[in-house]
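Have a look at the structure below before the remarks.
Numbering (this note's numbering), first residue to last: 18 to 260.
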């Protein structure tokens, strides 16, 4: 992967739900702000508000305190955004309206991180034609690269390859971040790390989201490569240090 730092809008997607997208978004925010960038974080669709879970934007604010942090639409049920909007009989997210919001923030910030919901092809909302759109469609619409957050354990190679292939077919540049490297890695983790390294632009230690915010912000550059405003360049040393 390139070491040239990405600027403008960057999409943060995942191979699945609960892979660490929010904490990775916070880490990129912290590293970029430490490098002097003005950072905005947008969450197009937050679902599951009725469950009492902390909204993703609140977690990013607590850990990284970006210059701007916004959620464009919230829905009660813990479903894909389009399904959650339909169940709530609420207005679904419209692709070009979301793209306009991102471009408006890009005019005022050096970096705009857009956190998705679930995986790359989860239905996010509707186009004006009534057709569903996905996070991959948003990447194409705004011409932005994508950070793919994935797991370290069994199954990650297939899920990561499928996501990267879908992005490549759409000519969307992408890099991979491990959402949580275990404190006691096993053979499968080391084997997966070896396979994923050519595409990796970062890796976070398990439990990073529970750190005190000051410690999190100071530590974040060490989890990311220069492409994401970090200093990480030796994966083996990093993995041994955090294990």
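Even for Gly, the Cβ is constructed at its ideal location relative to N, Cα and C. Computed from a predicted model, the values in this text were never measured in an experiment.
- Taking a 10 Å sphere around the C-beta of residue 168, we find 16 or more other C-beta atoms and assign the residue as buried.
- The DSSP-derived three-state label of residue 41 is helix.
- By the criterion of at least three beta-carbon pairs nearer than 8 Å, the region 19 to 38 is in contact with the region 113 to 131.
- Counting along the chain, residue 57 sits inside no alpha helix (DSSP H); it lies in the beta strand (DSSP E) bounded by residues 56 to 63.
- DSSP lists 195 as the beta-bridge partner residues of residue 167.
- Annotation: residue 40 to residue 148 spans about 31 Å, alpha carbon to alpha carbon.
- Put simply, of 156, 94, 73 and 197 the residue whose alpha carbon is nearest the alpha carbon of residue 58 is 73.
- Here the alpha carbon of residue 55 sits roughly 6 Å from the alpha carbon of residue 84.
- The beta-bridge partner set that DSSP reports for residue 91 consists of 63.
- Residue 139: not part of any beta strand (DSSP E); DSSP gives it neither H nor E.
- Our two residues, residue 212 and residue 165, have alpha carbons roughly 15 Å apart in a direct line.
- For residue 248, same chain residues with a beta-carbon under 7 Å away, outside a window of 5 residues either side, are 238 and 239 in chain order.
- In the structure shown, residue 222 adopts extended strand secondary structure according to DSSP, grouped into three states.
- Pairing residue 159 with residue 185, the inter-Cα distance amounts to about 16 Å.
- Bounds of the beta strand (DSSP E) holding residue 128 are 128 to 132.
- Membership of residue 181 in the alpha helix (DSSP H) is indicated by the continuous run 173 to 186.
- Across the structure, residue 208 and residue 104 are spaced so that their CA atoms are roughly 42 Å apart.
- Between residue 112 and residue 87, the gap from beta carbon to beta carbon reaches 8 Å or more.
- Where residue 149 is concerned, the enclosing beta strand (DSSP E) starts and stops at 149 to 151.
- Residue 111 sits in a strand when the DSSP states are folded into three classes.
- In the DSSP assignment, residue 76 falls within the unbroken alpha helix (DSSP H) covering 73 to 81.
- Sequence-distant partners of residue 46 (beyond 5 residues in either direction) whose C-beta falls short of 7 Å from its own C-beta, in its chain, are 56, 58, 77, 81, 83 and 130.
- Remark: C-beta atoms of residue 95 and residue 65 approach each other more closely than 8 Å.
- In the structure shown, residue 34 falls within a coil segment according to DSSP collapsed to helix, strand and coil.
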